[in-house]
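*Asks:*
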Amino acid sequence: MLPFSKSNSNTSRFKGHLTDLVFLFPVLLLFTAIVVVPFINGIHISLTDWDGYAPEYQYVGLRNFLRVLRDPRIAGPVRNSLLYAVLTVVFDNILGLLVALALHRNTRSNRFFRVLVFMPFIISLVLTGFMWSHIYSDVFYKLMGIKSLLGNVRTVIPGIAIMSMWRDTGYASLIYLAGLNNISPEYYEAARVDGAGPMNSFFRITLPLLAPAITINVTLFLGWGLKVFDYVMAATGGGPGRSSETVAIYVYNYAFPYNQAGYGQAAAILMMAGIFIITAAVTAVLRRREVAE
Amino acid sequence: MRGKVKGLSLRTLQFLLKCLMCSVFVGPFYIAIVYSLKSQEETIATGIAWPHRIHWENFTEAIRVSNFWNATRNSVIVTTFSVFVLMLSCAMASYIIARRERQYKIYQWLYYTFLAALLLPFQVVMLPMYVNLKTLGLLNTRLGLIVAISAFQVAYNIFVYIGFIRTIPVDMEEAAYIDGAGKMRTFWQIVFPMMKPILSSTLILNALTVWNDFQISLIISQRAAVRTIPLTQFYFFGQYTSRVNLAFAAFVLAMLPIIVLYLLLQKYIIGGVMAGAIKG
């Protein structure tokens, strides 16, 4: 317990609170000005037909929200975001875990490999998007005759997912490495004495004890996946046509280029609600499995 | 004897497989470097073979055309100030929240607010923030960038720091109180130094995030003068998609400082990420 509160006089308690406020002030200022106030303004904007520039606007109540939900052109972005999220969550975790298992022992060569595996993560997403779009269109085509995945409407989202897997697997593997390091070798000893083979120990010991790390990774990548913007913007700009547009890009387009601020804001709020619900549901399921094991 | 040979060949196989695996991760870097050193015609002709002649002029031209030094200066300024402001303010705030949360409910509320903010997509405050910054005259300014980008990292940092401070026993602070030290002194002289491990790992992650930021910068920096490196790259490629070698020269330029720093500091970076994982 904090010692400062031990004094009982009202003035010193007031002074104590004042000092607390000084400590909190910079963060509260930043956070309120850039996150809280805009958030509240956003709710206001979503209830109008404002275009983002004109001084006049009219209140339209919940009409924007209903329009968003009824817009047939939102099906594509929603499907894209969901598909992308599922692909990245599943494969980032599987690949990350495989890499972590491969590089688990703390040898010098493994440490060297870890540096290489994590290297993609430090480059910006924009750079990743551009680099890979060129690799798809030039390198793959010349080496293997495969036409760029980004040019075909059906493979564009998986194509983008692959580039993000390239970057994020390293990150996932580090989280799993930390988790693996936390598992006491005694469990494996005991299992070996009992005659368990490697497969058995993996599924009965490793996986359950990694549950917290799995939760972290799944939640993190789910959030990133549902919000994806940078990769798509850099690699395809939403194309070909609008086929790789994600929900984040849909919102951006309506808020800025298309000048429909009210509508875009309503879409953004619905996007946020969707993300909250999906993430909460997935986390709840994972937490329950964590406890059960 | 046989077991030894078998062990050796198994390990060699594992080693080769790991090399193969890593080549996937490192491959694109190699491709980028090779492409950046060739002329336009050579790129089309020879693909990913090492260049015959090294065309350094790709780099000089990319720098000139994309206004690279200006972008670098902007990135450095924005990153340095953002990280500084961010980490100091979050450390201070986390200290109070972590130490007071059991006493007053409001601090718990604050904690949960920051937690919820972690899930917030940028899109939901994107436009209103743009409008606010416009009214305040902070659009197209480095100050605006610093303020906006830091604000969005606050939630994560506070979350991590509070987690860390909770593990610090109060004894030393109590001793300081008995010796008559005020909160400020206690924090700066005792607690802050004890936070060094978490501060160094988040320092690097924060610097990386701010340096690579795209979404926020895209909204705020629309004039070329204040563009950071990611933005410059983005606009550059809109114009120069056909000149592949120039494009990759620009990639390499943008990647180089980060990679050099990464290779120098990789022990801390990787350690930091792994340490953060355990706390989470």
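Chains as they are written, first to last, in the numbering used here: chain A, 1 to 293; chain B, 1001 to 1280. Ideal Cβ positions, reconstructed from N, Cα and C, are used throughout, including at glycine.
(1) From the DSSP secondary-structure annotation, give me the bridge partner or partners of Thr279/A.
(2) Within a Cβ cutoff of 7 Å, which residues of the same chain sit near Ala261/A, ignoring the five residues on either side of it in sequence?
(3) Considering Cα atoms alone, identify which of Val1147/B, Ile1269/B, Phe1248/B is closest to Thr1060/B.
(4) Should Phe1068/B be flagged as near chain A, meaning a C-beta pair shorter than 7 Å?
(5) Using a Cβ cut-off of 9 Å, which residues of the region 1208–1223 of chain B contact any Cβ in chain A, in chain order?
(6) Where Arg287/A and Pro1169/B are concerned, what is the direct C-alpha to C-alpha distance, given to the nearest angstrom?
(7) Beta-carbon of Asn41/A versus every beta-carbon of chain B: anything under 7 Å?
(8) So, does the region 29–42 of chain A touch the region 1184–1195 of chain B, judging by three or more C-beta pairs under 8 Å?
(9) Which residues of the region 1106–1128 of chain B have a Cβ closer than 7 Å to any Cβ of chain A? Give them in chain order.
(10) So which of Arg1073/B, Ala1093/B, Phe1081/B, Phe1015/B has the shortest CA-CA distance to Phe985/B?
(11) Output yes or no for whether 7 Å exceeds the beta carbon distance between Tyr176/A and Ala211/A.
(12) Could you please give the first and the last residue of the uninterrupted alpha helix (DSSP H) stretch that includes Glu1057/B?
(13) Pull up the distance between the alpha-carbon of Pro1128/B and that of Val35/A, whole angstroms please.
(14) Write down the C-beta distance between Ile275/A and Pro1028/B rounded to the nearest angstrom, noting that I regard them as a contact closer than 8 Å.
(15) Leaving out five residues before and five after Val1125/B in sequence, what residues of the same chain have Cβ atoms less than 8 Å from its Cβ?
(16) In this structure, does DSSP put Thr1135/B in helix, strand or coil?
(17) Assign Glu189/A to buried or exposed, taking buried as 16 or more other Cβ atoms, counted over all protein chains shown, within 10 Å of its Cβ.
(18) Got a sec: which bits of the region 121–148 of chain A sit with their beta carbon under 8 Å from any beta carbon on chain B, in order along the chain?
(19) As an exercise, report each continuous alpha helix (DSSP H) stretch of at least 4 residues that is fully enclosed by the region 15–89 of chain A, in chain order.
(20) Which same chain residues, not among the five before or five after Gly223/A, have their C-beta less than 8 Å away from its C-beta?
(21) Where do the ends of the alpha helix (DSSP H) carrying Ser1201/B lie?
(22) At the level of alpha carbons, what is the spacing between Val1076/B and Ala1224/B?
(23) Hey, is Tyr1262/B's beta-carbon within less than 7 Å of any beta-carbon in chain A?
(24) So Ala1093/B contacts chain A; which residues on that side make the cut at Cβ distance below 8 Å?
(25) Do you know how far the Cα of Phe1214/B is from the Cα of Lys1134/B?
(26) Leaving aside the five residues before and after Ser164/A along the sequence, list all residues of the same chain whose C-beta is less than 6 Å from its C-beta, in chain order.
(27) Is it true that the region 1228–1239 of chain B meets the region 1064–1078 of chain B, where meeting means three or more beta-carbon pairs spaced less than 8 Å apart?
(28) Can you confirm whether Ala1148/B, when its beta carbon is compared against all beta carbons of chain A, has any partner nearer than 7 Å?
(29) Can you give the Cα-Cα distance for Phe39/A and Ala54/A, rounded to whole angstroms?
(30) Does the beta-carbon distance from Asp92/A to Phe221/A come in below 7 Å?
(31) Enumerate in chain order the residues of its own chain whose CB-to-CB distance from Arg1142/B is below 7 Å, with the five nearest sequence positions on each side excluded.
(32) Beta carbon of Met1126/B: closer than 6 Å to some heavy atom of the ligand ATP?
(33) Suppose contacts are defined by Cβ-Cβ distances below 7 Å. Is Leu24/A in contact with Ile1096/B by that definition?
(34) Can you tell me the Cα-Cα spacing of Ile1162/B and Lys142/A, whole angstroms?
(35) Using a Cβ cut-off of 7 Å (strictly closer), state whether Lys1018/B contacts chain A.
*Replies:* According to the data block:
(1) BP columns for Thr279/A are empty, so no partner.
(2) Ile45, Trp50, Asp51, Gly52, Ala255
(3) The shortest CA-to-CA distance from Thr1060/B to any of Val1147/B, Ile1269/B, Phe1248/B is the one to Phe1248/B.
(4) no
(5) Leu1208, Trp1211, Asn1212, Asp1213, Phe1214, Gln1215, Leu1218, Ile1219
(6) 28 Å
(7) yes
(8) no
(9) Ala1117, Leu1119, Leu1120, Pro1121, Gln1123, Val1124, Val1125, Met1126, Leu1127, Pro1128
(10) Residue 985/B cannot be examined here, being either before or after the span of chain B that is shown, 1001 to 1280.
(11) For Tyr176/A and Ala211/A, no; Cβs fall outside 7 Å.
(12) 1057–1066
(13) 9 Å
(14) 30 Å between Cβ atoms; not a contact.
(15) none
(16) helix
(17) Exposure of Glu189/A is indicated by the presence of fewer than 16 other C-beta atoms within 10 angstroms of its C-beta.
(18) Answer in chain order: Ile122, Ile123, Ser124, Leu125, Val126, Leu127, Phe130, Met131, Trp132, His134, Ile135, Asp138, Val139, Lys142, Leu143.
(19) 37–46, 63–70
(20) Excluding sequence neighbours, Gly223/A sits near Ile275, Thr279.
(21) 1196–1211
(22) 16 Å
(23) yes
(24) Phe23, Leu24, Pro26, Val27, Leu28
(25) 19 Å
(26) Thr88, Tyr231
(27) yes
(28) yes
(29) 20 Å
(30) yes
(31) Asn1074, Ile1077, Val1078, Val1226
(32) As far as ligands go, the structure on display features none, and thus does not contain the ligand ATP.
(33) yes
(34) Spanning the two alpha carbons is a distance of roughly 52 Å.
(35) yes
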